[in-house]
Amino acid sequence: MGFERDDVVILQPTRAIGRKNVPGALEFARRLQEALPDRRVQYWITGPAEDGYGPVLDALVAGAPVVVRQGRVARVPDAYAAADLVVLPSTWEGFGNPMVEAAIARRVVVAGEFPVRAELEALGLRFLSPDSVDNAAAWVRAPDEAWLDANVNAVRRHLDLRSLPRRLGDALRRVDMVETSK
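So the sequence shown is numbered by numbering that gives the first Met the number 0: it starts at 0 and just counts up by one.
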């Protein structure tokens with residue numbers, strides 16, 4: 000993708016459509032570049048433009064304040080491994096799979112305020128806000144390993160597929176108890 004060792008790579012592992020808020024990601028990248036003048040910030044969006052967003056994306060890239068990279072890699076974990084920060088400034092997300100993937104990959108996520116973020120925070124995951132550029136810059140300079148460990152542990156505790164049968168059984172038993180108590 001053309002990254003250098005000292006580059007700060009901001010990964011947006013999504014398609015380019017309106018609700019993914021590419022302008023918000025680029026604004027975050029611009030502000031992070033100002034906060035880290037000794038480093039080159041690069042913004043990387045992995046997915047294609049869809050739903051007629053191509054001309055908008057082309058215009059955004061043409062006027063981008065940082066280097067923009069576009070394109071997928073063969074393996075999703077490789078994208079996270081290349082990233083310093085994962086950005087999801089979306090106005091809405093369905094499940095938030097990239098947030099979980101980033102946690103497992105031990106990458107901090109800069110996420111917008113959408114409902115699934117709150118659901119994941121309730122499980123113990125932590126995220127930065129797009130407004131917290133100073134915190135993101137500090138993170139780039141000195142990642143908080145305890146924060147990353149806590150996110151990995153929260154995913155393993157609450158979202159591990161191996162625990163799904165037990166959790167579904169527990170939920171069904173609770174529903175059955177509610178039904179039988181009526």
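Think of the CB as a built atom: it goes at the ideal place given N, C-alpha and C, for glycine as much as any other residue.
For this session: List the residues that DSSP assigns as beta-bridge partners of TRP138.
Result: As computed with DSSP, TRP138 is found in no beta bridge at all.
**Prompt:** Apart from the five residues just before and just after SER89, which ones in its own chain have a Cβ nearer than 7 angstroms to its Cβ?
**Reply:** ARG18, LYS19, ASN20, GLY111 and PHE113
Helix, strand or coil for ARG116 per DSSP?
helix
The beta strand (DSSP E) spanning ARG68 covers which residue range? 66-69
- Item | 7 angstroms Cβ cutoff met for LEU127 and ASN134 | Yes, the pair counts as a contact, with Cβ atoms nearer than the cut-off.
message: Alpha carbons only, please: which of TRP91, ARG156 and VAL107 is nearest the one belonging to ALA121?
response: ARG156
* Quick one: using the 10 Å Cβ neighbour count with 16 as the cut-off for buried, is GLY51 buried or exposed? => exposed
Among ALA137, LEU87 and ARG29, whose alpha-carbon lies nearest the alpha-carbon of GLY46? LEU87
Taking the alpha-carbon positions, what's the GLU3 to ALA81 distance? 10 angstroms
Discussion item. Could you compute how far the alpha carbon of VAL65 sits from the alpha carbon of ASP83?
Written reply: Taking the straight line joining both Cα atoms gives about 15 angstroms.
- Item | Cα-Cα separation, GLY1 to GLU144 | 27 angstroms
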